[in-house]
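Going by our numbering, the sequence shown opens with residue 2, and the numbers climb by one from there.
Beta carbons are placed, not taken as given, at the ideal position from N, Cα and C, and that holds for glycine.
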Amino acid sequence: MISNIGIYKDTYIYKGDEYNRNNYSELLDNISKKRRIIFLSQILLIKKYGFYSSNAGIGNFIEKKINEDFSDKDNFLFSHEYNKKDNIVYLYSIRNNNLISLTNDAAELTIEPIQFYIKNKVIKKIKNSKDSNILFKINNIFHVLSLEKGYIINSVIANNEDEVFKTISLIDDNKLLIIDKSINTESLIDQVIGFKIKNIDLVEGIYEKIYRK
């Protein structure tokens, strides 16, 4: 069985129990060797590059860009997506804070930022959502994502509603705005005028995975 572990700031969440560095060994005793780790509060950094060579050379291209643009690359986890039609490579990175030894003795390991999980869920559940904006909340942190042709082109974390308002005021109101049902939209009325809005359960599945006993 796969153990789903959420990392929120400095806290590890597994089956509804919270762990930190003081009782971290208890977490390791309770989880299986097959692990799925979900970063819930990490900032997703995005770099965009033009890429005009053959698809076979993309690995070398990504490695070169990481070496050029990240002096502390050992502190990051990287992923990329290639928009072949438009010759664009998106390089995504998050800091690997708080992984500690979760990866050391894992027989099977998946690491996923919450932003990727939400993007994939939206595209799967909502028709014509590859060009959209997404607003959701994990505990006390708001996330705002912008999608273009199915790729995340912008990702912002906001710590309060004022920051959310400011972020929404800057995004493209020609795109569909998808809002998680857990968010009270009444306070956003003035900011979302002009948007086509759709409400959907976005984070419920994540909460079930990491909080279910």
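Which one or two residues does DSSP pair with ALA159 in a beta bridge?
PHE143.
Quick check: what's the CA-CA separation for TYR9 versus PHE117?
Using only the alpha carbons, I get a separation of about 16 angstroms.
If you check the beta carbons only, do ILE124 and LEU148 fall under 9 angstroms apart?
LEU148 is positioned such that its CB atom lies closer than 9 angstroms to that of ILE124.
Based on Cα-Cα distance, which residue from LEU29, ASN23, ASN84 lies nearest to GLY51?
Checked all of LEU29, ASN23, ASN84; the closest Cα to GLY51 is ASN84.
Of all the options ASP173, LYS176, ILE135, LYS182, which has the alpha carbon lying nearest to the alpha carbon of ALA159?
Nearest of ASP173, LYS176, ILE135, LYS182 to ALA159, Cα basis: ILE135.
Using alpha carbons as the reference points, say which of ILE180, GLU187, VAL145 lies closest to ILE172.
With distances taken between CA atoms, ILE172 lies nearest to VAL145 out of ILE180, GLU187, VAL145.
Does DSSP put LYS65 in a helix, a strand or coil?
The answer is helix: DSSP assigns LYS65 an H, G or I state.
Which partner residues of THR12 appear in the DSSP bridge assignment?
Per DSSP, TYR9.
In whole angstroms, what is the alpha-carbon distance linking GLY60 and ASN5?
Cα to Cα, GLY60 sits roughly 29 angstroms from ASN5.
If you follow the alpha helix (DSSP H) that SER1 is in, where does it begin and where does it stop?
The chain is shown only over 2 to 214; residue 1 falls outside these bounds and no answer can be derived.
Distance, TYR53 Cα to ASN140 Cα
Using only the alpha carbons, I get a separation of about 41 angstroms.
Under three-state DSSP, which class holds PHE71?
Coil at PHE71, not helix or strand.
In angstroms with no decimal places, state the Cα-to-Cα distance between GLU209 and LEU41.
Whole-angstrom Cα-Cα distance: 14 angstroms.
Hey, out of LEU203, ILE169, GLU205, ASP174, whose CA is closest to SER188's CA?
For SER188, the nearest C-alpha among the options comes from ILE169.
Mind checking which residues open and close the alpha helix (DSSP H) that includes LYS122?
Counted as a single uninterrupted DSSP element, the alpha helix (DSSP H) harbouring LYS122 occupies residues 115-126.
Does the contact criterion of 3 or more C-beta pairs under 8 angstroms hold for the stretch 58-72 versus the stretch 11-26?
The stretch 58-72, when compared against the stretch 11-26, does not touch it at the 8 angstroms Cβ threshold.
Run of the beta strand (DSSP E) containing GLY51, from where it starts to where it stops:
Taken as a continuous stretch (DSSP letters only), the beta strand (DSSP E) holding GLY51 covers 46-51.
Cα separation between GLU113 and SER156?
A straight line joining the alpha-carbon of GLU113 with that of SER156 spans about 15 angstroms.
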